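**Q** So that we are looking at the same thing, I have put the structure below in structure tokens.
In mature numbering (1 follows the signal peptide of the UniProt record, and there is no 0), the protein residues as written are -25 to -1, 1 to 174.
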């Protein structure tokens, strides 16, 4: 059963890498590459002074390791961190150029593996340039709020459709206001049962 699961997982990972070749593509200048071994439930700490936009890529060669980053805590862990990546396989964290330096990095060896081997690569990445930031924000907000409206009211609407009239919205909201939430009905049922038991 385990070998079937591992085979399926590796097959899916290969499919994802083929479908999205830019996921692990190197589009920056390599600054440093560190290879090390870490025991289960142990931390290894690093300090990074370099300014600029950086990308940290942590590859679990054997076992599983997680990465935690902080600008304030010198020994970040799973409770105190600013950024983290705890996925299985390759962990990627991008440090913006505006992030305070020094940056403290910790690598955590997952408890499911007695010993894990990892490769930490640090890349200097060119700053992203956005020509029309306001346009992108407006487009995102429209998309987000339309998705939320679809979830709440259950009526799918495309970007090109007109807004519904206020009367339609008010009738829907009045119907929803009249219906008590499910948790309220459960709470009232428990209270009624408690009162009946006491009497």
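For glycine and all other residues, C-beta sits at the position ideal for the given N, C-alpha and C. All figures in this text were calculated on a predicted structure; none of them were measured in a lab.
(1) With C-beta atoms as the reference, is residue 57 less than 9 Å away from residue 69?
(2) With a 10 Å radius around its C-beta and 16 neighbouring C-beta atoms as the bar for buried, classify residue 81 as buried or exposed.
(3) Buried or exposed for residue 91, going by 16 or more other Cβ atoms inside 10 Å?
(4) Are the beta-carbon atoms belonging to residue 8 and residue 97 less than 9 Å from one another?
(5) Unbroken beta strand (DSSP E) runs of length 3 or more, entirely within the segment 29 to 112: which are they?
(6) Use the C-beta contact count for residue 83: other C-beta atoms within 10 angstroms, 16 or more gives buried, fewer gives exposed.
(7) Beta-carbon separation of residue 79 and residue 22 under 9 Å?
(8) By Cβ distance, which residues of its chain are closer than 7 Å to residue 37, with the 5 residues on each side in sequence left out?
(9) What does a CB cutoff of less than 7 Å around residue 5 pick up in its chain, not counting 5 residues either side in sequence?
(10) Out of 73, 75, 72 and 43, state which residue places its alpha-carbon closest to the alpha-carbon of residue 61.
(11) Do residue 54 and residue 85 count as a contact pair if the criterion is CB distance below 9 Å?
(12) Could you pull the DSSP bridge partners for residue 12 from this structure?
(13) Return the chain-ordered list of same chain residues with a C-beta closer than 7 Å to the C-beta of residue 87, the five sequence neighbours on each side being excluded.
(14) Can you find the residues in the same chain that come closer than 8 Å, C-beta to C-beta, to residue 76, ignoring five residues on each side of it along the sequence?
(15) Whole angstroms are fine: how far does the CA of residue 100 sit from the CA of residue 187?
(16) What does residue 18 pair with, by DSSP beta-bridge criteria?
(17) Taking CB distances under 9 Å as the criterion, tell me whether residue 64 reaches chain C.
(18) Express the C-alpha separation of residue 167 and residue 114 in angstroms, rounding to a whole number.
(19) Do you know offhand how far residue 120's Cα is from residue 112's?
(20) Three-state secondary structure (DSSP) at residue 7?
**A** Based on what the coordinates show:
(1) no
(2) buried
(3) buried
(4) Their beta carbons are under 9 Å apart, which means residue 8 touches residue 97 by this criterion.
(5) 29 to 37, 40 to 45, 58 to 60, 65 to 70, 78 to 84 and 90 to 99
(6) buried
(7) yes
(8) 91 and 92
(9) 96 and 98
(10) 43
(11) no
(12) Paired residue(s): 92.
(13) 39
(14) The answer, listed in chain order, is 23, 24, 25, 26 and 46.
(15) The question about residue 187 has no answer here: the residues shown for the chain are numbered -25 through 174.
(16) 83
(17) You won't find chain C in this structure, because it holds only one protein chain.
(18) 49 Å
(19) 12 Å
(20) strand
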